[in-house]
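Top line first, the protein sequences correspond to chains A and B. Basically my numbering = 1-based index in the first sequence + 204. Basically my numbering = 1-based index in the second sequence + 1. Using N, Cα and C, we set each Cβ at its ideal position, and we do this for glycine too. Since we're looking at a predicted model, the values are computed, not measured.
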Amino acid sequence: SAVISQKPSRDICQRGTSLTIQCQVDSQVTMMFWYRQQPGQSLTLIATANQGSEATYESGFVIDKFPISRPNLTFSTLTVSNMSPEDSSIYLCSVENQGNTEAFFGQGTRLTVV
Amino acid sequence: AQSVTQLDSQVPVFEEAPVELRCNYSSSVSVYLFWYVQYPNQGLQLLLKYLSGSTLVKGINGFEAEFNKSQTSFHLRKPSVHISDTAEYFCAVSQGGATNKLIFGTGTLLAVQP
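What follows is the structure, given as structure tokens:
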């Protein structure tokens with residue numbers, strides 16, 4: 205199984221600012237993904253982080269708001285830009301195992317925007 | 002489009018009683034099915050998964066689920082619950098070959114009472 209570390213684990217930010225969340229995996233993985241879990245709701249896929257190319261965003265999410273980097277096969281960042289209180293959520297990094305049969309999740313970053 | 006329905010937002014149950022958490026999905030193609038558990042202030046942990054083969058799937062912590070293609074269901078069961086099973090449970094579906102692009106249900110809070 206993959207061990208995923210996310211930083212920070214939580215943060216309280218002022219509206220209008222940006223926060224970058226880091227995701228580090230203990231092994232090389234092909235697929236890395238970012239999810240959002242809004243308060244009291246389920247998880248929604250934001251984007252697929254592609255190594256060496258631009259991320260692939262799901263409907264309703266755009267690069268200007270959620271820029272993503274994937275410089276290598278073990279690391280990715282998600283930035284939440286120009287934050288508003290509606291961005292208060294848990295953001296989770298996820299990776300797929302070698303056999304493509306299981307997804308592993310980080311502990312999440314709990315973001316509160318005030 | 003795929004979707005997942007978890008009809009019960011909350012299931013209260015007494016300790017040592019059996020429990021079933023319901024999950025129905027819709028998809029026009031073959032799918033992989035998953036149950037994840039989220040303990041308070043923690044990330045997601047995979048309970049069990051159905052990829053192919055036997056329709057009765059056994060997972061960790063004494064949980065099992067049965068894939069029923071005709072009813073498009075993947076209900077989660079445990080014969081005797083413990084206080085420590087109190088958590089949020091998420092059913093998820095993906096198209097075969099893309100196990101990490103998951104569509105999640107809205108979750109069911111299993112509240113085990115002494």
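- Counted as a single uninterrupted DSSP element, the beta strand (DSSP E) harbouring residue 59 of chain B occupies residues 57-59.
- Taking C-beta atoms under 8 Å as the contact rule, residue 64 of chain B and residue 48 of chain B qualify, at a distance of about 5 Å.
- Using beta-carbon distances, residue 105 of chain B counts as an interface residue toward chain A, with a partner under 8 Å.
- Sequence-distant Cβ neighbours of residue 27 of chain B in its own chain, meaning closer than 6 Å and more than five residues away, are 4.
- Contact between residue 24 of chain B and residue 74 of chain B holds: their C-beta atoms lie close to 6 Å from each other, under 8 Å.
- Of all residues in the region 28-52 of chain B, the ones placed with a Cβ closer than 7 Å to any Cβ belonging to chain A are 43, 44, 45, 47, 50, 52, in chain order.
- In summary, residue 224 of chain A is exposed, with fewer than 16 beta-carbon neighbours lying within 10 Å of its beta-carbon over all protein chains present.
- Linking residue 314 of chain A to residue 18 of chain B through their CA atoms gives a straight-line distance of about 34 Å.
- Taken in chain order, the unbroken stretches of beta strand (DSSP E) that lie wholly in the region 61-90 of chain B and span 3 residues or more are 65-69, 74-79.
- Distance from the CA of residue 10 of chain B to the CA of residue 110 of chain B, rounded to the nearest whole angstrom, comes to 6 Å.
- Contact of residue 108 of chain B with chain A by beta-carbon distance below 7 Å involves 246.
- For residue 9 of chain B, the secondary structure class from DSSP, reduced to helix, strand or coil, is coil.
- Annotation for residue 207 of chain A: no beta strand (DSSP E) segment contains it, and DSSP assigns it neither H nor E.
- For residue 15 of chain B, the closest Cβ of chain A is not nearer than 8 Å.
- Looking at the backbone, the Cα of residue 300 of chain A and that of residue 268 of chain A are separated by about 26 Å.
- Residue 64 of chain B is outside the set of residues whose beta carbon lies under 8 Å from a beta carbon in chain A.
- Contact between residue 228 of chain A and residue 209 of chain A holds: their C-beta atoms lie close to 5 Å from each other, under 8 Å.
- From the beta-carbon of residue 91 of chain B, the residues of chain A found nearer than 8 Å are 246, 247.
- Scanning B:31, B:107, B:15 for the CA closest to the CA of residue 2 of chain B turns up B:31.
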